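Worksheet: one structure, shown below.
Protein chains: 2
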Amino acid sequence: MNLIDSIAAFRSHSARLARPLGLVPTMGALHDGHMSLVRRARRENAALAATIFVNPAQFGPREDYHAYPRDLDADLRKLQDAGADVVFAPSAAEMYPAGFDTYVDVGIAERLEGAARPGHFRGVATIVCKLLTIVRPDRAYFGQKDAQQALVIERLNADLNLGAQIITCPTVREPDGLALSSRNAYLDPDERAAAAVLYRALTRARGAASPDAARRLVLAHVEAEPLASLEYVSVADAETLEELDTLDRPALVSLAVRVGAARLIDNILIE
Amino acid sequence: MNLIDSIAAFRSHSARLARPLGLVPTMGALHDGHMSLVRRARRENAALAATIFVNPAQFGPREDYHAYPRDLDADLRKLQDAGADVVFAPSAAEMYPAGFDTYVDVGIAERLEGAARPGHFRGVATIVCKLLTIVRPDRAYFGQKDAQQALVIERLNADLNLGAQIITCPTVREPDGLALSSRNAYLDPDERAAAAVLYRALTRARGAASPDAARRLVLAHVEAEPLASLEYVSVADAETLEELDTLDRPALVSLAVRVGAARLIDNILIE
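If you read the sequences in order, they're chains B and A.
Position one of the first sequence corresponds to residue 1 (my numbering), numbered consecutively onward.
Position one of the second sequence corresponds to residue 272 (my numbering), numbered consecutively onward.
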């Protein structure tokens, strides 16, 4: 497995990779959610690239960029064991050199996480655009846990003709339903137990008669957990993310919850 | 010469083109300014692609999108005679299908033409990003007449790792100095004569002792032409486009002038 940290070196290396080429972009701190993407990409492609880059542009000024977990050595071992051919792990200065001044925006980014985290999806869209133009994969794999991110990336990949197939993979969960996330590392044992409330609340919403009933069920369920604080709950059109008044089409039920120092998100689809 | 109007067809065709591949993106209505880019690109590359697309996204709601000159047959004859291998001339629906919602912004686009034409450079940056990702040229050629556009394109090509070499070619002028522009077709004979004032004013500014003196010289010169009306004159850092107080570095002297129904721009560099 090759480890490459410069764009120019990646480009000259990638010309020698087999096709189809699968890409799994990550911010490192790899858990089994990431590895489920890696395993699927390994199965479906002749060559497999992963990227590890904690992207400063998608963190707000009061968010956890510096605290975000990093463990490059462990990540590289996991990727090697999973059969990755090449890992691209650039520095922030390599991706955002002095004078950098270009930004990619997607309209759907204004809702939900985009409203809660101004600038977040501009950072996501810009870095994913860069990674797709640098790596030029045939397929790129993302997780359904970040449902809005997946929609943003599908949109920009299609609109800017980046030529990849975007594949969104199911959320991987702990036995109690908590979605795997690098930010779960922020939780102490009590908070970790309390964090199961996100998925429990989502599953309760599945049987609701209306979007409003679903939102009320989620709110009541999260509020009953003393260590958890609901930031938002949404029942939205699964493609446009417009909030729904009636359950007349596929809906994304999503929420953001603070548990201790962690801000956690999760979602389910209702067909 | 092949004429292609779909992105998918261009992609499968372009894999068979020789390398290096040169690209001349145009809005059609080709004049000798465009053809100077085409001739240079032909000399410097093994294969030559041109695009013809009047990009609605870079026209404001009260601008001349519908009036903009179009003459596809004449354009194709000129490109064939100049030795182009392929012309990509998509429809607006091919480039901006229903649901399109992604935009590329470059910081330097906020000044000068960007301030005068809100949204213009977002449209330019988005379409050029798309054309570069569709065509994937080794070199792309643009005119110095649109100096700020060239800076925007250099920036986004570098920042989004699009991998082309951006080549900015000298402005081509009529014998009286008027820069060639498709919009010169809007001028009646009296206006056409008056339009020579742009370049005359710029050349007067060349000897000025300070940016302010240069701006005053240009203003006075344009105001003396009854058919011309100055929209702005700028003396700015040639790289950042920040307005200058002293001539202590390479400067771009640029102006926008209305002559009849035409809005004309021009510029010179002062080293």
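Virtual Cβ for every residue (Gly too), placed ideally from N, Cα, C.
Fair warning: this is a prediction, and the values are worked out from it, not measured in the lab.
Distance between residue j and residue i (C-alpha atoms, nearest Å)
| i | j | result |
| --- | --- | --- |
| residue 302 (chain A) | residue 476 (chain A) | 27 Å |
| residue 437 (chain A) | residue 215 (chain B) | 52 Å |
| residue 268 (chain B) | residue 177 (chain B) | 12 Å |
| residue 522 (chain A) | residue 422 (chain A) | 13 Å |
| residue 525 (chain A) | residue 59 (chain B) | 38 Å |
| residue 169 (chain B) | residue 128 (chain B) | 17 Å |
| residue 64 (chain B) | residue 70 (chain B) | 12 Å |
| residue 278 (chain A) | residue 200 (chain B) | 45 Å |
| residue 12 (chain B) | residue 1 (chain B) | 15 Å |
| residue 354 (chain A) | residue 451 (chain A) | 22 Å |
| residue 281 (chain A) | residue 479 (chain A) | 50 Å |
| residue 80 (chain B) | residue 52 (chain B) | 13 Å |
| residue 321 (chain A) | residue 213 (chain B) | 56 Å |
| residue 410 (chain A) | residue 310 (chain A) | 13 Å |
| residue 37 (chain B) | residue 87 (chain B) | 15 Å |
| residue 491 (chain A) | residue 304 (chain A) | 28 Å |
| residue 293 (chain A) | residue 55 (chain B) | 33 Å |
8 Å Cβ cut-off: residues of chain A touching residue i
| i | result |
| --- | --- |
| residue 133 (chain B) | 404, 431, 432, 433 and 434 |
Residues that residue i contacts on chain A, provided the C-beta gap is smaller than 9 Å
| i | result |
| --- | --- |
| residue 155 (chain B) | 370, 371, 372 and 373 |
Residue nearest to residue i in terms of C-alpha spacing, selected from the options
| i | options | result |
| --- | --- | --- |
| residue 306 (chain A) | A:453, A:398 and A:284 | A:453 |
| residue 463 (chain A) | A:499, A:273 and A:479 | A:499 |
| residue 132 (chain B) | B:107, B:95, B:112 and B:239 | B:95 |
| residue 195 (chain B) | B:161, B:262 and B:237 | B:262 |
| residue 230 (chain B) | B:29, B:197 and B:46 | B:197 |
| residue 172 (chain B) | B:200, B:46, B:163 and B:145 | B:145 |
| residue 126 (chain B) | B:114, B:105 and B:40 | B:105 |
| residue 517 (chain A) | A:527, A:528 and A:505 | A:505 |
| residue 547 (chain A) | A:530, A:514 and A:507 | For residue 547 (chain A) there is no data in the structure shown, the boundaries of chain A being 272 and 542. |
| residue 85 (chain B) | B:116, B:74, B:41 and B:68 | B:41 |
| residue 316 (chain A) | A:346, A:281, A:435 and A:542 | A:435 |
| residue 395 (chain A) | A:410, A:425 and A:368 | A:425 |
| residue 347 (chain A) | A:387, A:537, A:299 and A:420 | A:299 |
| residue 98 (chain B) | A:325, A:482 and A:429 | A:429 |
| residue 314 (chain A) | A:488, A:412 and A:371 | A:412 |
| residue 117 (chain B) | B:188, B:189 and B:264 | B:264 |
| residue 420 (chain A) | A:432, A:433 and A:379 | A:379 |
| residue 100 (chain B) | B:37, B:139 and B:57 | B:57 |
| residue 507 (chain A) | A:528, A:541, A:490 and A:457 | A:541 |
| residue 130 (chain B) | B:156, B:33, B:68 and B:115 | B:156 |
| residue 295 (chain A) | A:406, A:364 and A:339 | A:406 |
Where residue i meets chain B, residues with beta-carbon distance less than 8 Å
| i | result |
| --- | --- |
| residue 394 (chain A) | Neighbours of residue 394 (chain A) on chain B: none; closest Cβ ~13 Å, over 8 Å. |
Cross-chain neighbours of residue i in chain B, by beta carbon under 9 Å
| i | result |
| --- | --- |
| residue 377 (chain A) | 101, 102 and 103 |
Residues that residue i contacts on chain B, provided the C-beta gap is smaller than 7 Å
| i | result |
| --- | --- |
| residue 401 (chain A) | 160 and 161 |
Residue burial classification, residue i (beta-carbon count within 10 angstroms, cutoff 16)
| i | result |
| --- | --- |
| residue 16 (chain B) | exposed |
| residue 285 (chain A) | buried |
| residue 137 (chain B) | buried |
| residue 381 (chain A) | exposed |
| residue 26 (chain B) | buried |
| residue 91 (chain B) | exposed |
| residue 495 (chain A) | exposed |
| residue 248 (chain B) | exposed |
| residue 393 (chain A) | buried |
| residue 513 (chain A) | exposed |
| residue 343 (chain A) | exposed |
| residue 120 (chain B) | buried |
| residue 226 (chain B) | exposed |
| residue 384 (chain A) | buried |
| residue 188 (chain B) | exposed |
| residue 147 (chain B) | buried |
Members of the region 361 to 373 of chain A that neighbour chain B once the beta carbon cut-off is set at 7 Å: Listed by position, the residues of the region 361 to 373 of chain A near chain B (Cβ gap below 7 Å) are 371, 372 and 373.
**Q.** Proximal residues, the region 277 to 296 of chain A versus chain B, C-beta separation under 7 Å
**A.** Correct list: 278.
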